[in-house]
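Trainee: Residues in the sequence shown are numbered consecutively from 100, following this note's numbering. Every residue, glycine too, gets a C-beta built ideally from N, C-alpha and C. Please read through the structure below; I'll follow up with questions.
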Amino acid sequence: MRSCLVRWIPQHVLGEMFSCDVVIAGWCSPVGGLSVYSTPSASLAHGDGKPVIIVSAAMDSRSFFHDLTLGIENDVSGMIALIAVADALSKVGWMRFPYEGHNISKSPFYISTNLIIIRLYTQQSPVALTTFPKHIIYTLFTAEAWGHAGSQRFVSDVYQNPTCANTTGNYCPYTAPACSYPCLRDLDFTRINFDAIESVWELNSVAQSSAPSSPQPSFFAHFDDTTLPGNNRLLQLLVNVSGGQQYAIQAAAADGVDRKLPPSTVQAFLQKKRSIPAVVISDFQKQLGK
């Protein structure tokens with residue numbers, strides 16, 4: 100990942116307590132890390148005409164004062180929830196996903212950004228994967244605390260496929276890379292059609308540590324544009340799914356305050372195409388807890 104971590108030093112460290120001024124330390128280090136994406140659709144193709152559903156979460160976490168303490172629960176809970184969703188859908192004959200019915204039990208996993216491919220298979224599905232009406236792509240993004248580096252890189256790759264310039268003068272450390280310039284181990288991600296993305300679902304902080312104490316704790320659905328019909332549909336589907344369950348789901352703007360989106364992977368997708376229906380599901384309405 101070609102992102103850069105610039106170290107910002109609060110001014111009070113230099114003797115002026117509580118000042119908001121900052122200075123830049125004289126060094127810059129690569130963030131590093133690999134984002135992960137996975138799809139149960141082995142036949143996924145750029146021009147197959149099927150809509151794509153993105154289910155996302157941040158892979159890692161950082162606290163505000165990252166040199167002093169690590170962020171633990173706020174992002175890790177979303178990653179665990181996403182893995183649980185993928186695992187649950189892989190083991191059932193038919194299970195209702197909040198957006199569509201899917202029958203998934205064969206899951207090829209792909210590790211990106213430079214696309215090391217690892218395939219993990221579970222029990223064969225009794226229904227052919229090619230019969231699914233939509234593709235599901237699970238995504239776990241690294242370095243989201245550093246300018247949403249993981250999601251920005253992923254969206255940049257799938258939004259505009261790279262043009263390879265494979266010449267003898269280009270150096271790429273991979274053995275037989277699919278593309279030497281830019282240096283890419285694999286081009287499997289070019290199967291994803293960005294314009295076919297129908298909706299994006301992000302699992303944010305969902306461990307209920309930020310939720311207020313109540314007889315029925317709630318999850319909150321955050322939207323960039325609450326007037327978009329596609330977003331209203333996502334909310335209604337979530338409300339219908341949660342009806343009568345232990346936890347309720349409601350709009351974060353249910354109190355009349357439109358707070359838009361919290362910092363999230365969804366923003367990278369909306370930056371390219373704001374009309375994509377997208378929701379961030381969290382256990383907080385106004386502010387993140389621990």
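Does Y220 come out as helix, strand or coil in the three-state DSSP assignment?
Mentor: With a pLDDT of 35 at Y220, under the threshold of 50, the predicted position of this residue should be treated as unreliable, though the coordinate-derived value follows. Correct three-state label for Y220: coil.
Trainee: Between T262, A295, V175, which has its C-alpha nearest G148's C-alpha?
Mentor: Selected option, being the one with the closest Cα: A295.
Trainee: Going by alpha carbons, who is nearest to G177 out of P328, V305, T289, W300?
Mentor: Residue V305 is the option with its Cα nearest to G177.
Trainee: Decide if the segment 331 to 340 is in contact with the segment 277 to 296; the criterion is three or more beta carbon pairs, one per stretch, under 8 angstroms apart.
Mentor: In short, these stretches do not touch, since the Cβ pair count stays below three.
Trainee: Among K371, P139, F383, F318, which residue has its Cα nearest to the Cα of F293?
Mentor: Ranking K371, P139, F383, F318 by Cα distance to F293 puts K371 first.
Trainee: Is V356 buried or exposed, if buried means 16 or more other CB atoms sit within 10 Å of its CB?
Mentor: So V356 counts as exposed.
Trainee: How about E301 and T241: are their beta carbons less than 8 angstroms apart?
Mentor: No, the Cβ-Cβ distance between E301 and T241 is not below 8 angstroms.
Trainee: Could you tell me how far apart the beta carbons of V299 and I179 are, in whole angstroms, since I believe they sit closer than 8 angstroms?
Mentor: Not a contact, Cβ separation roughly 19 angstroms.
Trainee: I need the straight-line Cα distance from Y258 to R373, nearest angstrom please.
Mentor: Taking the straight line joining both Cα atoms gives about 13 angstroms.
Trainee: Within the same chain, show all residues whose beta-carbon is closer than 6 angstroms to that of A277, passing over the 5 residues directly before and after it, in chain order.
Mentor: L283, D285, L286.
Trainee: Skipping 5 residues on each side, what residues in its chain have a beta carbon closer than 8 angstroms to that of D354?
Mentor: For D354, where only same-chain residues beyond five positions count, the Cβ hits under 8 angstroms are Q384.
Trainee: In its own chain, which residues sit with a C-beta less than 6 angstroms from the C-beta of S317, not counting the 5 before and 5 after it?
Mentor: Taken in chain order, the residues that qualify are A347, Q349.
Trainee: Given a threshold of 16 other Cβ atoms within 10 Å of its Cβ, counted over all protein chains shown, does G249 qualify as buried or as exposed?
Mentor: So G249 ends up on the buried side.
Trainee: How many Å lie between T326 and I375 at the Cα?
Mentor: If I take the Cα positions, the gap works out to 13 angstroms.
Trainee: Would you say H234 and L143 are within 8 angstroms of each other, going by their C-beta atoms?
Mentor: In contact: H234 and L143 (Cβ atoms closer than 8 angstroms).
Trainee: Helix, strand or coil for P361 per DSSP?
Mentor: It is coil, neither helix nor strand.
Trainee: Where V379 and N303 are concerned, what is the direct C-alpha to C-alpha distance, given to the nearest angstrom?
Mentor: Straight-line Cα distance between these residues: approximately 6 angstroms.
Trainee: Determine the contact status of S134 and L239, defining contact as a CB-CB distance below 8 angstroms.
Mentor: Yes, the pair counts as a contact, with Cβ atoms nearer than the cut-off.
Trainee: On the CB-based measure, 16 or more other CB atoms within 10 Å of its CB, does T138 come out buried or exposed?
Mentor: Buried, since its Cβ has 16 or more Cβ neighbours within 10 Å.
Trainee: Specify, as a first and last residue, the run of the beta strand (DSSP E) that Q349 falls within.
Mentor: Element bounds for Q349: 347 to 350.
Trainee: Would a C-beta distance cut-off of 8 angstroms place Y237 and Y136 closer than the cut-off?
Mentor: The answer is yes: Cβ separation under 8 angstroms.
Trainee: Once the 5 residues before and after C263 are set aside, which same chain residues still bring their CB inside 6 angstroms of it?
Mentor: Correct list, in chain order: C278.
Trainee: Once the 5 residues before and after Q345 are set aside, which same chain residues still bring their CB inside 6 angstroms of it?
Mentor: Cβ neighbours of Q345 beyond the five flanking positions: none.
Trainee: Please report the residue range of the alpha helix (DSSP H) in which S255 lies.
Mentor: Segment 248 to 258, the alpha helix (DSSP H) holding S255.
Trainee: Tell me which same chain residues have a C-beta within less than 6 angstroms of the C-beta of A367, skipping the five on either side of it?
Mentor: If we look at A367 and ignore the five residues flanking it on each side, its Cβ neighbours are H247, S250, Q251, V254.
Trainee: CA-CA distance, L360 and T266?
Mentor: Distance between the alpha carbons of L360 and T266 is about 43 angstroms.
Trainee: Once DSSP output is grouped into helix, strand and coil, what is the label at V340?
Mentor: V340: helix per DSSP, three-state reduction.
Trainee: With a CB to CB cut of under 6 angstroms and the five nearest residues on each side skipped, what residues in its chain are close to H145?
Mentor: So the qualifying residues of the chain are R290, N292.
Trainee: On a CA-only basis, which of V175, G329, I182 is nearest E297? Give me that one, please.
Mentor: When only C-alpha atoms are compared, the closest one is G329.
Trainee: Keeping to the same chain, check which residues put their C-beta closer than 6 angstroms to that of F261; ignore five residues upstream and five downstream.
Mentor: First, the amino acid is wrong: residue 261 is Pro here, not Phe. Once the five neighbours on either side are set aside, the close Cβ partners of P261 are P281.
Trainee: Count the other C-beta atoms from every protein chain shown that fall within 10 angstroms of the C-beta of A244, then say buried if there are 16 or more, exposed otherwise.
Mentor: By the 10 Å Cβ count, A244 comes out buried.
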